[in-house]
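The working numbering applies: residue 735 is where the sequence shown begins, and numbers increase by one.
Positions of the beta carbon are idealized from the N, C-alpha and C atoms, including for glycine.
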Amino acid sequence: MCGRYSLYSYKTTPEDFEEIYGFPMTAVVDFPPTYNIGPYRDVPIILSDRQNQPYMRLAHWQMVPSFAKEFKSKYAMFNTRDDSFDQKPFWRKLLQHSRCIFPANNFFEWAKVGGQKMPYKFERSDGKLLNIGGIFSIWRDEQQRDIFSASMITVDANPVVGEVHGRMPLILPEQDVRSWLDINRTDAAELRAAIRTFPGDRMTAAAVSQSVNNIKNDSPEMIDPIN
Numbered sequence: 735m736c737g738r739y740s741l742y743s744y745k746t747t748p749e750d751f752e753e754i755y756g757f758p759m760t761a762v763v764d765f766p767p768t769y770n771i772g773p774y775r776d777v778p779i780i781l782s783d784r785q786n787q788p789y790m791r792l793a794h795w796q797m798v799p800s801f802a803k804e805f806k807s808k809y810a811m812f813n814t815r816d817d818s819f820d821q822k823p824f825w826r827k828l829l830q831h832s833r834c835i836f837p838a839n840n841f842f843e844w845a846k847v848g849g850q851k852m853p854y855k856f857e858r859s860d861g862k863l864l865n866i867g868g869i870f871s872i873w874r875d876e877q878q879r880d881i882f883s884a885s886m887i888t889v890d891a892n893p894v895v896g897e898v899h900g901r902m903p904l905i906l907p908e909q910d911v912r913s914w915l916d917i918n919r920t921d922a923a924e925l926r927a928a929i930r931t932f933p934g935d936r937m938t939a940a941a942v943s944q945s946v947n948n949i950k951n952d953s954p955e956m957i958d959p960i961n
């Protein structure tokens, strides 16, 4: 699973994101550089509106299904396995109609070393953003307000991540982001085929400080490689 990531080289204008992705974004949100993001907080996601225009908004990272009676639900999850779309119609419907992207600089996984949990960061070798594919849900409260929540899709790990953990987030190349967000793209088989493991030869791994183990810690030093 993926339960921690960083987003620090954050862009602040739609023009900045158009330079990254090659398409305009109608809105972005303010988000400070953050080096230790965990579930249960609001994070930026990219999705498309009803006019199929990409935009950014904050969403709760712990997806609560729309059918849940309360926002804290036993069905809530911050990761969704890719094989869930093969087995469960509800999740397949979200794949067809409610896809999003989590922008991230890196994610963390932990290895057991000498009885201790050693964190490792994983990022793209070219330094570009990880475009983590996800799904989102809209839950309506008693005041009829829409509350967005989202979950990262996970896939089998590539050889680099696999040295530490058997699963990793779905990472999409920039050229695939727009089609992932296209609300007119609804063929379940086609979308399922688009869920692939990002190549290991395009990623790097590094051990980092155990201070990342505590979600309360958040500083640039947390992503510095250690020997």
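Residues that residue i bridges to, as DSSP identifies them
i, result
"A888", "It should be pointed out that residue 888 corresponds to Thr in this sequence rather than to Ala. DSSP output for T888 lists R815, P903 as bridge partner(s)."
"H831", "Per DSSP, none; premise fails for H831."
"K822", "None, per the DSSP bridge assignment."
"Q850", "V847"
"Y789", "L781"
"R858", "M937"
"F842", "K855"
"P837", "N865"
"S883", "H794, S871"
CB-CB length for residue i against residue j, believed under 8 Å
i, j, result
"L906", "Q830", "Incorrect: roughly 17 Å between the Cβ atoms, too far for contact."
"G848", "V894", "With 8 Å as the limit, G848 and V894 do not qualify as a contact, their Cβ atoms being about 22 Å apart."
"P853", "F842", "5 Å"
"F805", "W873", "6 Å"
"R698", "F757", "This structure cannot settle anything about residue 698, because the visible part of the chain is limited to 735 through 961."
"F870", "S832", "5 Å"
"V889", "T931", "5 Å"
"T760", "Y789", "4 Å"
"D958", "V946", "So it is not a contact: roughly 11 Å between Cβ atoms."
"I835", "G868", "7 Å"
"I771", "E908", "About 21 Å separates the two Cβ atoms, so there is no contact after all."
Residue i - DSSP class collapsed to helix/strand/coil
i, result
"L915", "helix"
"R926", "helix"
"Q909", "helix"
"F751", "helix"
"E876", "coil"
"I960", "coil"
"N865", "strand"
"R738", "coil"
"P799", "coil"
"N947", "helix"
"V898", "coil"
Any non-hydrogen atom of the ligand COA within 7 Å of residue i CB
i, result
"R738", "No copy of the ligand COA appears in this structure; indeed no ligand is present at all."
| query | Considering only residues of the region 757-783, which uninterrupted beta strand (DSSP E) runs meet the minimum length of 3 residues and lie entirely inside it, listed in chain order? | reply | 768-771, 776-782
| said: Using a Cβ distance threshold of 8 Å, determine whether the region 882-901 contacts the region 782-801, with at least three qualifying pairs required. | reply: yes
| query | Below 8 Å, can you find three or more Cβ-Cβ pairs linking the region 767-783 to the region 737-745? | reply | yes
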